[in-house]
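Asks: Sending over a structure as structure tokens; questions will come in a sec.
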Amino acid sequence: MKRLLSKLIFKIYGWKIIGVSTYPKKCMIVAAPHTSNWDFFIGRCYAYVIDIHPKYLIKSELFLPILGTLIKWNGGIPVYRKAKHNVVDQVVEMINSSNAINIGIAPEGTRTKVEKWKTGFYHIAVKANVPILLLKMDYENKEVGIICDFMPCGDFEKDMLFIQEKYMNVKGKIPEYYNPKIY
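In the working numbering, the protein residues as written are 1 to 183.
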């Protein structure tokens, strides 16, 4: 039902799915730009249409009594941003102990303009030895999907500049909130 409804929503609003629709058993999914609450809605519809069930990191403040249960049921993993909880190592352990897991993250960490991305996704991928899939939500072209997948080489600067180049011309819902210089 969710898949059918998501396909209908995409058809009505003119969104197209691009890129691959099969994912590796384990990976980090980077979703960008993240400039609006609508990004989550588009991303979830995309996942329902291509029939994947990713987990995703989301701020713990949203885990209120009823809403929190729904978020967890839908794949949400709370991130406690105000305290040091060693999230990178926790997520690496989650990946290493799973047979199959896709974890999504919006590395801007917020819907407003940031000077640079949070880089935990990169360190998770390197430590867990999993590929990074770059997912774009391009509101100008109404395209959502994987634009690139790669194995990080361990050279942080080189890999971040590579990612930055891939997102350079992608337009978020509120373009002025996106800083294409991510590193």
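Using N, Cα and C, we set each Cβ at its ideal position, and we do this for glycine too.
Starting from residue 124, follow the beta strand (DSSP E) in both directions and report where the run begins and ends.
Replies: That residue, residue 124, is in no beta strand (DSSP E); its alpha helix (DSSP H) goes 120-128.
Asks: Please tell me whether residue 28 and residue 132 are closer than 8 angstroms, where the distance is taken between their beta carbons.
Replies: yes
Asks: With a threshold of 8 angstroms between beta carbons, is residue 67 in contact with chain C?
Replies: The structure shown contains no chain C; it is built from a single protein chain.
Asks: For a test of the three-state rule: what should DSSP assign to residue 96, helix, strand or coil?
Replies: helix
Asks: Going by DSSP, what residues sit across from residue 87 in a beta bridge?
Replies: None, per the DSSP bridge assignment.
Asks: Any chance the region 17-25 sits against the region 142-160, with 3 or more Cβ pairs inside 8 angstroms?
Replies: yes
Asks: Under 8 angstroms by Cβ, that's how I've got residue 195 and residue 120 pegged, so tell me the actual separation to the nearest angstrom.
Replies: Residue 195 lies beyond the range of the chain shown here (1 to 183); nothing can be said about it.
Asks: Given a cut-off of 8 angstroms, decide if residue 58 and residue 79 are closer than it, judged by their beta-carbon atoms.
Replies: yes
Asks: Just to confirm, are residue 185 and residue 48 a CB contact at a threshold of 8 angstroms?
Replies: The structure shown does not extend to residue 185, since the chain is modelled only from 1 to 183, so the question has no answer here.
Asks: Does the distance from the C-beta atom of residue 14 to that of residue 142 stay below 8 angstroms?
Replies: yes
Asks: Note down the Cα distance separating residue 112 from residue 32, rounded to an integer number of angstroms.
Replies: 12 angstroms
Asks: Rounded to a whole number of angstroms, what is the C-alpha to C-alpha distance between residue 41 and residue 9?
Replies: 10 angstroms
Asks: If we ignore side chains and look at the alpha-carbon of each, how far apart do residue 56 and residue 99 end up?
Replies: Between residue 56 and residue 99, the alpha-carbon positions lie close to 17 angstroms from each other.
Asks: Just verifying my parser: in three-state terms, what is the DSSP assignment at residue 148?
Replies: Residue 148 falls in the strand class under three-state DSSP.
Asks: In three-state DSSP terms, what is residue 185?
Replies: Absent from the model: residue 185. The displayed extent of the chain is 1 to 183, so no value can be given.
Asks: Whose CA, out of 69, 12, 39, 176, lies closest to the CA of residue 107?
Replies: 39
Asks: Taking the alpha-carbon of residue 172 as reference, which of 37, 51, 4 has the nearest alpha-carbon?
Replies: It is 37.
Asks: Once the 5 residues before and after residue 174 are set aside, which same chain residues still bring their CB inside 7 angstroms of it?
Replies: 35, 36
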